[in-house]
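Presented below is the structure to which this report refers.
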Amino acid sequence: MTKEFEPNIIAFLCNWCSYAGSDLAGTSRIKYPPNVLSIRVMCSGRVDTSFVLSAFKDGADGVLIAGCHPGDCHYQSGNYKTKRRTLLLKKLLDQLGIDQKRVRFEYISASEGQKYADVVTEFVAELKELGPCRLPEVIE
Amino acid sequence: MAKKIGVFICHCGENIASKVDIEELAKFAETLDNVVVSKTYKYICSEAGAKLIKDTIKEYKLNGVVTASCSPRMHELTFRKIVSDAGLNPFNLEIANIREQVSWIHDDLKIATEKSKKILRGAVAKARLLESLVTPTVKVTPKAMVIGGGIAGIQASLDLAEAGHKVYLVEKSPSIGGRMAQLDKTFPTLDCSGCILTPKMKEVFSNPNIELLTYADVTHVDGNIGNYIVTVKKKARYVKWDKCKGCGDCAVACRLHDKIISEFDMGMGKRSAIYMPFSQAVPPKYTIDKDTCLMLTKGKCGTGPLCVEACPEKCIDFNQKDENVDITVGVIVVATGYDVMDPSAMHELSYARSQDVITSMEMERLINSAGPTDGKIICPSTGEAPKSVTYILCVGSRDQTECSWCCRIGCMSALKQVYLIKEKLGDEVELNICYTDIRSFGKGYEEFYRKIRGMNVNFFRGRPSEVRAGKDKITTDIFDTTTNKLFEITSDLVVLVPALVPRADAAEFSRILRISQSGDGFLLEAHPKLRPMDTFTSGIFIAGSCQGPKDIQDSVAHASGAAARADTILSKKEYETEPFTSVVNEDLCSGCATCISICPYDAITLEKQKDDHSLAKVDETLCMGCGACVVACPSGAMQQKGFNDKQILAMISAFAKGDEK
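Those sequence lines, one after another, are chains A and B.
Residue numbers 1 to 140, in this note's numbering, belong to the letters of the first sequence in order.
Residue numbers 1001 to 1661, in this note's numbering, belong to the letters of the second sequence in order.
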């Protein structure tokens, strides 16, 4: 029997809301799959499209970007900027043959530990269904 | 110079060590490029842990430090200080979060250890590229703004003023005093609320360091720690305040005298359209309510406004307009308090149907000797003293369909009112209390509860299923869980003790201030135990019940704490901010100005060079370090210190490839 595919997810979390939310999931001892590795940025607005593409190029199967809820951004509007960019990026992914579902943008506040765990759990299940991204192999 | 990195892995007692194989992780760390040493310790944040880190930095001449420990949101400052004490620039530090994001999530040792390795690999990848950073400083405006004039706001203002700082106290209603001013006696000592509050209100009024801005709203906040620019809307009062002596002739003369429902009296009393909320109001001056005044709503008031005729000082001015002022302060203390839940929607309790079903705040006004009945406790429908009163606790509180939280004051305030009713109406009055649990946790509270238990009061444990308003009696159905019996309690008056809820405008207000709310809607503290007065926005503090329900003692303590926290900033001439600002590579910048349009803080300007070529320039004191301009820059000229492209891409690569050293 082949081992079940375990997707490799990179999460970009903003310092003020979503990273705090992911910490709260831990503080509250909420369980979620171990497939996510997080990168803390000060604002979700710092997440460059090239970061997402690099992640896929380097072998990630999914990318999660999470920022503050609308109106709550610590830097006023960084979350909107990234939300808009993510919509454009999804179109680009189509052309690269990467399923749009491999990129997720979520609003997760500092008090939403449960939401973070739920998002991760759901994303892992979705990616298991999609299978590996295999972009590195395609490039070669 | 090649990076020489030391890795320090924390057991965090059992917190990490019980779920992650620390020794295996330490061995793994030493296989990573540039890692010259890895050490483990029970608590690396402790004094002994700090010494271990410092000694190792010196011994191995380290120029990079990675800790595998709790979240950077917990101990980043602690570790920066340790690194800095060892003579290294504090920003040569990266933290692998293996507690909140590993050991507290995963129960399987193998899974947790493997995930910790991956996180550590990413942290080391970034650490290889870390650079020394200089912390910019901002000049601090040595002034504070306190928003909300209840007991918490009053306490914070007085403390800050006493510390020698100028304080602007902004209150939205015409008087300070807040909820505490509405109360009669306070538990558990039964001292009169007014007697202990009004001296403090007077102190605020007369303190030369405090500028009181009542009947004013905070509408906009700009700037940052050290220099917040707050726009305050001073609402028109239609009374010249510098002249008003507070004589009250205008209110007596008003055509709507005793016709307008008084908010301060919780609807139990009436006022005029020109009013002072209560007789001990501070400042002791009158305000015209523009929503009811005939001149302001209809343009005419009989043959002419009677208040104008009555006022001996000629203070009435119907042409006054709202006025906006910008005030610069170094810090903000938010003390906006709470709302009392309106139980109307809980139809089974008949609050909206029966005049004789009232809330405990309404009862508070009835008991108060300065209240609308001069302290006479009555059934509102008849005006007669009740012969029996039933209290229902936890109305909407500890209730999954309404508010999940405990209001923390309901039990004690009901016990106090029961005592006062007995005192006023005599022991003959029948008193029933329907409770869930009696929570008497504070100093002297349990003793007070015992005292009431020893009195002639009936306790029923349970939640009434229905309150039925009959012709002259009200029936409360309750299943008592201590006797397993269904009771029908009939009484003249029913008092509901409703949940305490966040202010109706808490969401909008938290947006204006750029602070967060917790899941229940109250304002979120930076840490529930260690930073209960801080918010995640530097320089903004929270005090009192805006953070969550509190009694008076806890509100005062919280407020003094918030003032002390605020003072730690105001007492500095300059404040060190985070160094994660953007920086322009002048060789790459084409002067296209895209970054300027994207910056939310106007921190970037275009500077003309000698050869007529323009370059973007970042003002470090204005840049808040969001990094949006870095993403926007088409030529890669903009970078964010501490979060530059190379550092983030190295982490991505380490995480995604997974097999790299």
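Don't be surprised by glycine CBs; every beta carbon is placed ideally from N, CA and C.
Predicted model, so just to flag it, every value in this text is computed and none were measured.
Distance from the CA atom of residue 1097 of chain B to the CA atom of residue 1022 of chain B, rounded to whole angstroms, is 14 Å. C-alpha of residue 59 of chain A to C-alpha of residue 1658 of chain B: approximately 9 Å in a straight line. Excluding residues up to 5 positions away in sequence, 1097, 1100 lie with their Cβ nearer than 6 Å to the Cβ of residue 1071 of chain B in the same chain. Annotated as distal: residue 1369 of chain B and residue 1281 of chain B, with beta-carbon spacing of 8 Å or more. Residue pairing from DSSP places residue 1220 of chain B in a beta bridge opposite B:1231. Taking the Cα positions, residue 1367 of chain B is about 5 Å away from residue 1375 of chain B.
By the Cβ criterion, the region 1137 to 1154 of chain B is in contact with the region 1562 to 1577 of chain B, since at least three pairs of Cβ atoms, one from each stretch, lie closer than 8 Å. Counting along the chain, residue 66 of chain A sits inside the beta strand (DSSP E) bounded by residues 62 to 67.
Of the residues A:47, A:16, A:37, A:34, the one whose Cα lies closest to the Cα of residue 1630 of chain B is A:47. Taking CB atoms only, residue 1651 of chain B has a neighbour in chain A less than 8 Å away.
When Cβ pairs closer than 8 Å are counted between the two stretches, the region 1233 to 1252 of chain B is seen to touch the region 1323 to 1343 of chain B, the count reaching three or more.
The Cβ of residue 1405 of chain B sits no closer than 8 Å to any Cβ of chain A.
Among the residues of chain A, those whose CB is under 8 Å from the CB of residue 1073 of chain B are 15, 19, 20, 23, following chain order. Listed along chain B is no residue with a C-beta nearer than 8 Å to that of residue 139 of chain A; the closest approach is about 13 Å. Taking the C-beta atoms as reference points, residue 1135 of chain B is found nearer than 8 Å to residue 1579 of chain B.
If the five residues before and after residue 1426 of chain B are omitted, its C-beta is found closer than 6 Å to no C-beta atom of its own chain. Taking all protein chains in view, the Cβ of residue 1312 of chain B is surrounded by fewer than 16 other Cβ atoms within 10 Å, so the residue is classified as exposed.
If you draw a straight line from the Cα of residue 1219 of chain B to the Cα of residue 1341 of chain B, it comes to about 25 Å. In the structure shown, the three-state DSSP call for residue 1282 of chain B is coil. Taking a Cβ-Cβ cut-off of 9 Å, the neighbours of residue 75 of chain A in chain B comprise 1514, 1600, 1601, 1624, 1625, 1626, 1627, 1628, given in sequence order. For residue 1327 of chain B, same chain residues with a beta-carbon under 7 Å away, outside a window of 5 residues either side, are 1145, 1168, 1230, 1232 in chain order. Minimum Cα-Cα distance from residue 1111 of chain B among the listed residues A:3, A:33, A:49, A:21 corresponds to A:33. The beta-carbon distance between residue 1336 of chain B and residue 1147 of chain B, rounded to whole angstroms, is 6 Å. This is short enough to meet the 8 Å contact definition.
Taking a Cβ-Cβ threshold of 7 Å, the residues of chain B close to residue 10 of chain A are 1652, 1655, 1656, in chain order. Close partners of residue 1548 of chain B in chain A (Cβ separation under 8 Å) are lacking, with about 12 Å as the shortest Cβ gap. Per the C-alpha coordinates, the member of A:139, A:69, A:89, A:28 positioned closest to residue 100 of chain A is A:89. Taking a Cβ-Cβ threshold of 9 Å, none of the residues of chain A is close to residue 1400 of chain B; the smallest such distance is about 15 Å. Sixteen is the threshold: when 16 or more other Cβ atoms of the shown chains lie within 10 Å of the Cβ of residue 1153 of chain B, as they do, the residue is buried. Neighbours of residue 37 of chain A across chain B, judged by C-beta separation under 7 Å: 1118, 1119, 1122, 1655.
With respect to chain A, the C-beta atom of residue 1503 of chain B has no partner C-beta closer than 8 Å.
Distance from the CA of residue 1257 of chain B to the CA of residue 1241 of chain B, rounded to the nearest whole angstrom, comes to 21 Å. Residue 1624 of chain B and residue 1062 of chain B have their C-alpha atoms spaced approximately 30 Å apart. Neighbours of residue 1129 of chain B across chain A, judged by C-beta separation under 9 Å, do not exist; the nearest C-beta is about 14 Å away. Residue 8 of chain A sits buried, since 16 or more C-beta atoms from the chains shown fall within 10 Å of its C-beta. For residue 1502 of chain B, the uninterrupted beta strand (DSSP E) segment begins and ends at 1500 to 1502. Closest by C-alpha distance to residue 1343 of chain B, out of B:1497, B:1286, B:1193, B:1482, is B:1497.
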